[in-house]
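Engineer: My questions all concern the structure below.
There are 2 protein chains.
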Amino acid sequence: MKIYRVNMTEGKVTSEEVKEQYAMLGGRGLTSQIVAEEVDPLCHPLGAKNKMVISPGLLSGTNAPSSGRLSIGFKSPLTGGIKESNAGGTAAQKLAKLGIKAIIIEGKPKEDKYYLLKISNDGIELDSADDLVGKKNYDISESLRKKFGDKVGVMSIGPAGEYRLTAASVAVIDPEGRPVRHCGRGGGGAVLGSKGIKAIVIDDSDAPGVLVHDKGKFKEAAKDFSKMLTSHPVSGQGLPMYGTAVLINILNEAGGLPTRNFRHGRFEFAEKISGEMVHDTIEERKGNPTHGCHAGCVIRCSQVYHDKEGKYLTAGFEYETIWGFGANCEIDDIDAIAKMDFLCDDIGVDTIEMGVTLGVAMEGGVIDFGDSAGAIKLLEQISQGTDLGRIIGNGAGFTGKAFGVTRIPTVKNQGIPAYDPRAVKGIGVTYATTPMGADHTAGYSVTANILKVGGLIDPLKTEGQVELSRNLQIATAAVDSTGLCLFVAFAVLDEPKALERIVDMLNAQYNLKLTTDDVTELGKSILKTERRFNKNAGFNDADDRLPEFFEEELEPHGAVFDIPHQELDQVWDF
Amino acid sequence: MKIYRVNMTEGKVTSEEVKEQYAMLGGRGLTSQIVAEEVDPLCHPLGAKNKMVISPGLLSGTNAPSSGRLSIGFKSPLTGGIKESNAGGTAAQKLAKLGIKAIIIEGKPKEDKYYLLKISNDGIELDSADDLVGKKNYDISESLRKKFGDKVGVMSIGPAGEYRLTAASVAVIDPEGRPVRHCGRGGGGAVLGSKGIKAIVIDDSDAPGVLVHDKGKFKEAAKDFSKMLTSHPVSGQGLPMYGTAVLINILNEAGGLPTRNFRHGRFEFAEKISGEMVHDTIEERKGNPTHGCHAGCVIRCSQVYHDKEGKYLTAGFEYETIWGFGANCEIDDIDAIAKMDFLCDDIGVDTIEMGVTLGVAMEGGVIDFGDSAGAIKLLEQISQGTDLGRIIGNGAGFTGKAFGVTRIPTVKNQGIPAYDPRAVKGIGVTYATTPMGADHTAGYSVTANILKVGGLIDPLKTEGQVELSRNLQIATAAVDSTGLCLFVAFAVLDEPKALERIVDMLNAQYNLKLTTDDVTELGKSILKTERRFNKNAGFNDADDRLPEFFEEELEPHGAVFDIPHQELDQVWDF
Chain S
-16 MKIYRVNMTE GKVTSEEVKE QYAMLGGRGL TSQIVAEEVD PLCHPLGAKN
34 KMVISPGLLS GTNAPSSGRL SIGFKSPLTG GIKESNAGGT AAQKLAKLGI
84 KAIIIEGKPK EDKYYLLKIS NDGIELDSAD DLVGKKNYDI SESLRKKFGD
134 KVGVMSIGPA GEYRLTAASV AVIDPEGRPV RHCGRGGGGA VLGSKGIKAI
184 VIDDSDAPGV LVHDKGKFKE AAKDFSKMLT SHPVSGQGLP MYGTAVLINI
234 LNEAGGLPTR NFRHGRFEFA EKISGEMVHD TIEERKGNPT HGCHAGCVIR
284 CSQVYHDKEG KYLTAGFEYE TIWGFGANCE IDDIDAIAKM DFLCDDIGVD
334 TIEMGVTLGV AMEGGVIDFG DSAGAIKLLE QISQGTDLGR IIGNGAGFTG
384 KAFGVTRIPT VKNQGIPAYD PRAVKGIGVT YATTPMGADH TAGYSVTANI
434 LKVGGLIDPL KTEGQVELSR NLQIATAAVD STGLCLFVAF AVLDEPKALE
484 RIVDMLNAQY NLKLTTDDVT ELGKSILKTE RRFNKNAGFN DADDRLPEFF
534 EEELEPHGAV FDIPHQELDQ VWDF
Chain C
-16 MKIYRVNMTE GKVTSEEVKE QYAMLGGRGL TSQIVAEEVD PLCHPLGAKN
34 KMVISPGLLS GTNAPSSGRL SIGFKSPLTG GIKESNAGGT AAQKLAKLGI
84 KAIIIEGKPK EDKYYLLKIS NDGIELDSAD DLVGKKNYDI SESLRKKFGD
134 KVGVMSIGPA GEYRLTAASV AVIDPEGRPV RHCGRGGGGA VLGSKGIKAI
184 VIDDSDAPGV LVHDKGKFKE AAKDFSKMLT SHPVSGQGLP MYGTAVLINI
234 LNEAGGLPTR NFRHGRFEFA EKISGEMVHD TIEERKGNPT HGCHAGCVIR
284 CSQVYHDKEG KYLTAGFEYE TIWGFGANCE IDDIDAIAKM DFLCDDIGVD
334 TIEMGVTLGV AMEGGVIDFG DSAGAIKLLE QISQGTDLGR IIGNGAGFTG
384 KAFGVTRIPT VKNQGIPAYD PRAVKGIGVT YATTPMGADH TAGYSVTANI
434 LKVGGLIDPL KTEGQVELSR NLQIATAAVD STGLCLFVAF AVLDEPKALE
484 RIVDMLNAQY NLKLTTDDVT ELGKSILKTE RRFNKNAGFN DADDRLPEFF
534 EEELEPHGAV FDIPHQELDQ VWDF
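See the structure below:
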């Protein structure tokens, strides 16, 4: 495998052998390591000194089930700290099959010009992207697939990335060419835009494929692991049937569904935006309720959502998106929410950040809570490049500052996702302490707090939350390095042998003798690397805190976020 | 003397005796101490937990020459750290004469309503300010002086403070009632606005005045000190004659006048915006080139500037303002710059932050460099409350983010003032390390670097800059506590007996036996208190850095900012 270096200052692509210390790194482990080694923590995130590292996971491109995650790493223009953002879609597997361990995009073009990065078995080359400038993601995908064939993978930025907005995402297409999978969080789209890259096309025809040392052992472990995934109630039933939006009713019931900019824990009209409702609507309109975002996924939590006329509206319609535009904005019109999901995918902005941002904009009186037409217009302003669009597209913290709002649900300037930290305290610990800024995926304590997966830790009590979050953060950093979807965690947490099967696959592929302890050590090492970067970028313990308004009581439980600061810091005692 | 506490949540004013440990604190020493003791460093700066502390200096209200400075302290919405911002004008002396050591404004009104704080010999009361809402500073001053008599002091916020913009200032009127003296830096206007206070009127008729223990000794020391100020070439000749704008030609000559958003060290048309030109223009138009911003000032660096028709245009027309809208924006029309100064005073925004912001907006292509009409329109947008106005009014860092600019001259998100840190390295050390964010007044190394005051330290070399900045920062923290104008520093640095005379005045006033060492210790203690607050607010050493673009060579000297990070941190070795 090789690492490619794309120097945008020189317009030159070179390749290098993989250093020995990178051999057992992939995905987040590799992106964070390279960012930490090569990026000045004090650099401007949109300047020549920042780098974007793109890396498939260690198992990507193999037959390991649900292993199609792609990581991108960079210094975040949103948080000012290190960022790893990952997505499904078709890119990771194709890169891995082409023998690409990572792509490091560095420097900055001398002219204000956009390029297309063409990746194939012949290597990587830069081409002009003049014809794509100003285009949105759906259009870009269509145009590139027309030109390069509909089997190619595509990554791209929309207008938000061109405007360098800090909520800009990097889109990755799904198997049908829809740009609905996004490395959403932290402003990767702005970084890619600052490098002058509008799109990346990946043609893996004639790719050598991934070398698996012991195919027999690998197959056996993969089969076993796959069975564990499909037999777990969450990854085998809930997610395939209802998608991630199955969580709407669950979190609402738990009193942890943030409503009206995190003012209440329950949304009166939750039922109207629930996964069950989405499922029935999709069936009725002849969409597809169970769809895989990449080949070989056995969970298939994605779906294709049609409008009232039965025409395609959006896909990959996630819980966090539906929550953000729904409960958080008090919007109960699921079609309007689907339209907003489509707009974000097309313009290239993170749906979570946008959901939080619209809540803050409503708080600031820009539009009223519940105003779905107004919300759609606000999102459209982003691609129009208006002053208001630039405010909204820079996220919740920025929008709050623009409109003098004090109730701003962010940590490290990144919007807090769909689980209220007062009613789900373990996730609050993760929001506060992960080096990523508020991020539920960094240590998804909703498992033991709400879903009773991997045990049960009362979500309303302070006891055990720090340990829960710590263990999950460590495990997640490791999982994010394998290319496996985080949703394998449900099985891993409940099924004693699941982690072993992952290790078996890695050992069979790479001819190694790793143990499960090695996986834990990898996770710890990644977290420490990331935290060191953030310290050198100007963060200290006081940045590992939730906004003050989480001292307010949250109905229905009257819960406050009351884990002492000192205990939060203990997440790092490992 | 008393400390008043204005609780805006309750709408209640109480007074308290001065704690013993506050007795020898005033101005910055007192505001920083109270903020550090009473404000949660993690609070939202515009929320109920922040406080604004207003305090005259220790010598304010006496006959000490040039002792009319007022300090306000708070957690800054611009930097996120502690802030002391001071101004001349008439407020400090009146407060001191009324026996007010400090006013602590805390809480937040329950309703969205504005109040007038009325201060007189009868105490402090809150009154409705409904009639002032939406008004600009000139209008407010006129209206309050009409109502309460033209001898009153007035402090107020303009529309920028009402909009909670982070560049919003607190205006203080001069003896003629013009709101041209501003606690400008750090967003104090937004904090006062968040407390629901639109204006403060100070009526010192029947005030008891300041008690001076040994009047004879005080008078003697004051007289001697006054002579030192008036006989020094800077405070006795340059400043009274040309105002602070005398520095335009000096900095241009030194190659340290930041031009075109800090791209060059000299401005082709510097002569057209120089202090000499301003002086001649004022004389020609029958303005007043030498004016004191408060009674008893012997330096009188202020001036009254008339337009082409001989009508009042602005007053208190400072070097940093003229630099910011002039050289930094490549605008050479001094009347346009004067108009911008007027607009900022009226709207209530910091002229330095606005000068830096307009440079960044020009960099981002919002308007062209040199476009004075466009610049005036941008400033006017602030009071119109447009989306663009909200962007601009939130300062340089915010504007840069909105428009994807990477060349953003800020430290701790506060705009870098009028001295390029590459050509005046001592001031670069101050910008980087002061707890205030980029602030020339926090340790004005221009003295020894450029003006040859207090010795000479080659501005282009790295040697001696850290020590110079450290000593000045310590001394400044102390001077900012006395109520003396920072411009007394020229005499203090060159005249061995000057500091002793200050100590003599303090001893005579308060019946003490302080030594000059005590003054140094006070300065050290203030700085440490401020830095501790910032640490608890999330800052570490990595925040004490200049933006990366100061690695670029600055013409004419080809200078870069090359003081190693490690040495910057040594500022704190005391």
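Keeping their order, the protein sequence lines are chains S and C.
Using this note's numbering, you'd call the opening residue of the first sequence number -16 and step up by one each time.
Using this note's numbering, you'd call the opening residue of the second sequence number -16 and step up by one each time.
The beta-carbon is built from N, C-alpha and C at its ideal position, and this holds for glycine as well.
Is it the case that the stretch 83 to 94 of chain S contacts the stretch 37 to 47 of chain S, given that we only count it when at least three CB pairs across the two stretches are under 8 Å?
Structural biologist: Cβ pair count under 8 Å is three or more, so yes.
Engineer: Reducing DSSP to helix, strand and coil, say where I108(C) ends up.
Structural biologist: The residue asked about is misnamed: residue 108(C) is Glu in this sequence, not Ile. Three-state result, E108(C): strand.
Engineer: So which residues on chain C does E146(S) lean against when the C-beta distance must stay under 7 Å?
Structural biologist: Note on identity: in this sequence residue 146(S) is Tyr, with Glu being the wrong assignment. Ordered by position in chain C, the residues that pass the 7 Å Cβ test against Y146(S) are G387.
Engineer: With respect to the beta strand (DSSP E) encompassing L53(S), which residues constitute its N-terminal and C-terminal limits?
Structural biologist: It spans L53 to K58 - the beta strand (DSSP E) in which L53(S) sits, taken as one unbroken run.
Engineer: Output, in sequence order along the chain, the residues in the stretch 196 to 213 of chain C whose CB is closer than 8 Å to any CB in chain S.
Structural biologist: Listed by position along the chain: nothing, the set is empty.
Engineer: Using the C-alpha atoms, what's the distance from I282(C) back to F473(C)?
Structural biologist: So the alpha carbons of these two residues sit roughly 11 Å apart.
Engineer: Specify, as a first and last residue, the run of the beta strand (DSSP E) that A6(C) falls within.
Structural biologist: Per DSSP, A6(C) belongs to no beta strand (DSSP E) and is neither H nor E.
Engineer: Could you give the first and the last residue of the continuous beta strand (DSSP E) run that contains H289(S)?
Structural biologist: Counting along the chain, the beta strand (DSSP E) containing H289(S) begins and ends at S285 to H289.
Engineer: Any C-beta of chain S sitting closer than 8 Å to the C-beta of P392(C)?
Structural biologist: No, because no Cβ of chain S sits closer than 8 Å to the Cβ of P392(C).
Engineer: Among residues of its own chain, excluding the 5 on either side of T227(S), which ones have a beta-carbon nearer than 7 Å to its beta-carbon?
Structural biologist: Here the set comprises C284, E301 and Y302.
Engineer: Quick check on K101(S): buried or exposed, where buried means 16 or more other Cβ atoms within 10 Å of its Cβ?
Structural biologist: It is buried - the Cβ of K101(S) has at least 16 other Cβ atoms within 10 Å.
Engineer: Excluding the five sequence neighbours on either side, which residues of its own chain have a C-beta within less than 8 Å of the C-beta of E478(S), listed in chain order?
Structural biologist: If we look at E478(S) and ignore the five residues flanking it on each side, its Cβ neighbours are M211 and H215.
Engineer: Could you spell out the range, first to last residue, of the beta strand (DSSP E) harbouring V449(C)?
Structural biologist: First-last for V449(C): Q448 to T465, but that is the alpha helix (DSSP H), not the beta strand (DSSP E).
Engineer: Does K66(C) come within less than 8 Å of chain S when only Cβ atoms are used?
Structural biologist: No, no contact with chain S.
Engineer: Given that a residue counts as buried once 16 or more other Cβ atoms are within 10 Å of its Cβ, and exposed if not, what is H289(C)?
Structural biologist: Counting Cβ neighbours within 10 Å, H289(C) comes out buried, since at least 16 surround it.
Engineer: Using the three-state DSSP reduction, which class does C312(C) fall into: helix, strand or coil?
Structural biologist: The answer is helix: DSSP assigns C312(C) an H, G or I state.
Engineer: Against chain C, with Cβ distances strictly below 8 Å, would T149(S) count as a contact?
Structural biologist: Closer than 8 Å: yes.
Engineer: Could you tell me the alpha carbon to alpha carbon distance between R528(S) and K32(C), rounded to whole angstroms?
Structural biologist: Rounded to whole angstroms, R528(S) to K32(C) spans 16 Å at the Cα level.
Engineer: For G179(S), verify whether its CB is less than 7 Å away from any heavy atom of the ligand GTP.
Structural biologist: This structure does not include the ligand GTP; it has no bound ligands of any sort.
Engineer: Closest Cβ-Cβ distance between C312(S) and chain C: below 8 Å?
Structural biologist: By this cut-off, C312(S) is not an interface position.
Engineer: Taking a contact to mean a Cβ-Cβ separation below 8 Å, would you say G248(S) touches P539(S) in this structure?
Structural biologist: Result yes, Cβ atoms of G248(S) and P539(S) sit closer than 8 Å.
Engineer: Got a sec: is the Cβ-Cβ distance from G30(C) to anything in chain S below 8 Å?
Structural biologist: It does: the Cβ of G30(C) has a partner Cβ on chain S nearer than 8 Å.
Engineer: At the 8 Å Cβ level, is P241(C) part of the contact set with chain S, yes or no?
Structural biologist: So, not an interface residue.
Engineer: Taking all protein chains shown into account, decide if D105(S) is buried (16 or more other Cβ within 10 angstroms of its Cβ) or exposed.
Structural biologist: With fewer than 16 other Cβ atoms within 10 Å, it is exposed.
Engineer: Output, in chain order, the set of chain C residues within a Cβ distance shorter than 7 Å of E531(S).
Structural biologist: By Cβ distance, chain C contributes L25, C26, H27, G30 and K32.
Engineer: When the distance is taken between beta carbons, is T73(C) closer than 8 Å to I156(C)?
Structural biologist: Cβ distance < 8 Å, so I156(C) and T73(C) count as in contact.
Engineer: Decide if the stretch 254 to 268 of chain S is in contact with the stretch 322 to 330 of chain S; the criterion is three or more beta carbon pairs, one per stretch, under 8 Å apart.
Structural biologist: Touching, no.
Engineer: Since T149(S) is in the alpha helix (DSSP H), which residue starts that stretch and which ends it?
Structural biologist: It is not in any alpha helix (DSSP H) - T149(S) carries neither H nor E in the DSSP assignment.
Engineer: At a Cβ cut of 8 Å, what residues of the stretch 365 to 378 of chain C count as close to chain S, listed as they run along the chain?
Structural biologist: Result list: T369, D370, L371, R373, I374 and N377.
Engineer: Can you give me the start and stop residues for the beta strand (DSSP E) that V184(S) sits inside?
Structural biologist: V184(S) -> beta strand (DSSP E) spans I180 to I185.
Engineer: Below 8 Å between beta carbons: does that hold for V407(C) and S428(C)?
Structural biologist: In contact: V407(C) and S428(C) (Cβ atoms closer than 8 Å).
Engineer: Can you confirm whether the stretch 8 to 15 of chain S touches the stretch 57 to 71 of chain S when touching is taken to mean that 3 or more C-beta pairs between the two stretches lie within less than 8 Å?
Structural biologist: Judged by Cβ distances under 8 Å, the stretch 57 to 71 of chain S makes contact with the stretch 8 to 15 of chain S, as three or more pairs qualify.
Engineer: Does the distance from the C-beta atom of T416(S) to that of V554(S) stay below 8 Å?
Structural biologist: Taking 8 Å as the Cβ cut-off, T416(S) and V554(S) qualify as a contacting pair.
Engineer: Decide if the stretch 261 to 273 of chain C is in contact with the stretch 341 to 358 of chain C; the criterion is three or more beta carbon pairs, one per stretch, under 8 Å apart.
Structural biologist: The answer is no - the stretch 341 to 358 of chain C does not touch the stretch 261 to 273 of chain C, with fewer than three Cβ pairs under 8 Å.
Engineer: Within the continuous beta strand (DSSP E) that includes E363(S), where are the two ends?
Structural biologist: Element bounds for E363(S): not the beta strand (DSSP E) but the alpha helix (DSSP H), S355 to Q367.
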